[in-house]
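A.B. asks: I am attaching a structure below and will ask some questions about it afterwards.
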Amino acid sequence: MVFRSVFSALVLGGGLVSAPAFAQSVAGVQSDNAGNAVLFEKHTWTEIQSGVAAGVTTIIIPVGGTEQSGPYIAVGKHNERATHLAEQIAEKTGKTLVAPVVAYVPEGGTSPRSSHMRFPGTITVPPDVFEKLLVSAGESFQVQGFRLIVFVGDHGGYQKYMEKAAAVLNQKWHGTGAQALYVSGFYTVIAHQYADWLKQQGYGKDVGQHADISDTSLMLAVDPSMVRQDALRHSGTPSAQEGIYGGDPRKASAALGQPGLAMQINAAVQAIQSARGF
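Residue numbers -23 to -1, 1 to 255, in mature numbering (1 follows the signal peptide of the UniProt record, and there is no 0), belong to the letters of the sequence shown in order.
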């Protein structure tokens, strides 16, 4: 009963861990370092242990990917967005940490080169390796005392593998009180609810499947430095040969991206609250 012992030590003021501020901030209390407070990798093992003992038992595993996104978006797009959104979700749900982003994901074949691997700037791993990585990460957190392990993924190509990994974990954890949660709505809301919203704003012809107005606006809303805006504004009609699949990113803006981010955050927050039973 190590967690009970640590918690008792903290309450009595005699524990080894001197990190009550950490436990409070990740539980939802505002602090000057609120952003860092939810990042798993920013804390020591003793701080993490004290947080779990104090009820910080949810962790989000953000899954990104490293891939081409046309000539105008940096290849770390999915990693930046997944991490940024996971932090926002963690702060809204409280008692939640954010794991390091998974940046190596299935992106196509290398021999022959297929899908996004046809372009420079992309890194791929086999689907079975990706699944095993997610399962191992989930198990790593579960044995530390985390009880809700949440998977959110910013890219469509690996969603089914995330779902399978969560199912494998839930089968293993049956009866233990731990749960893996795959949040499908985090991704599908972009292709449906957000795409519909953009169409309602008059951007129907600009919505595509990859590196379009949707993708570019979301990136601008998270980190505009990752979008080559001057080149984008002066570019010609986009094409698949450039890695832009449908639509037109030239009218993208941070203002158009903010509603999409909010939809992703809300979908994940609702899923986590439902899994917690409130």
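We put the CB at the ideal spot given by N, CA and C, even for glycine.
First and last residue of the alpha helix (DSSP H) that includes F107?
C.D. replies: Segment P104 to Q119, the alpha helix (DSSP H) holding F107.
A.B. asks: Tell me the rounded alpha-carbon separation between F118 and A63.
C.D. replies: Their Cα atoms are separated by approximately 16 Å.
A.B. asks: Taking all protein chains shown into account, decide if S251 is buried (16 or more other Cβ within 10 angstroms of its Cβ) or exposed.
C.D. replies: Exposed: under 16 other Cβ atoms inside 10 Å.
A.B. asks: Compare the beta carbon distance of V246 and I66 with 8 Å and say whether it is the shorter of the two.
C.D. replies: Yes, they are a contact pair.
A.B. asks: Measure the CB-CB distance between P236 and D225 and report whether it falls below 8 Å.
C.D. replies: No, the pair does not count as a contact, with Cβ atoms beyond the cut-off.
A.B. asks: Kindly list the residues whose CB is nearer than 8 Å to the CB of V204, restricted to its own chain and excluding five residues on each side of it in sequence; keep chain order.
C.D. replies: Taken in chain order, the residues that qualify are Y49, I50, A51, T193, M196, L197 and A229.
A.B. asks: So, using beta-carbon positions, are A244 and V127 closer together than 8 Å?
C.D. replies: Going by C-beta atoms, A244 is not nearer than 8 Å to V127.
A.B. asks: So what does DSSP say about T21, is it helix, strand or coil?
C.D. replies: In the structure shown, T21 sits in coil (DSSP, three-state: anything other than H, G, I, E or B).
A.B. asks: Would you call the segment 105 to 124 and the segment 141 to 149 touching, i.e. three or more CB-CB distances under 8 Å?
C.D. replies: Contact holds: three or more Cβ-Cβ distances are below 8 Å.
A.B. asks: Whose C-alpha, out of K176, P103, L74 and A232, is nearest the C-alpha of S27?
C.D. replies: Checked all of K176, P103, L74 and A232; the closest Cα to S27 is L74.
A.B. asks: If you follow the beta strand (DSSP E) that Y159 is part of, which residue opens it and which one closes it?
C.D. replies: Residues Q156 to Y159.
A.B. asks: Could you give the distance in angstroms between the alpha-carbon of S191 and the alpha-carbon of P103?
C.D. replies: Going by the C-alpha atoms only, they are around 28 Å apart.
A.B. asks: Measure from the alpha carbon of E145 to the alpha carbon of each residue in Y159, F96, Y135 and A232, then state which is nearest.
C.D. replies: The amino acid occupying residue 145 in the given sequence is Val; Glu does not appear at that position. Nearest option by C-alpha distance: Y159.
A.B. asks: Please say whether D200 and E57 have beta carbons closer to each other than 8 Å?
C.D. replies: Cβ atoms of E57 and D200: closer than 8 Å.
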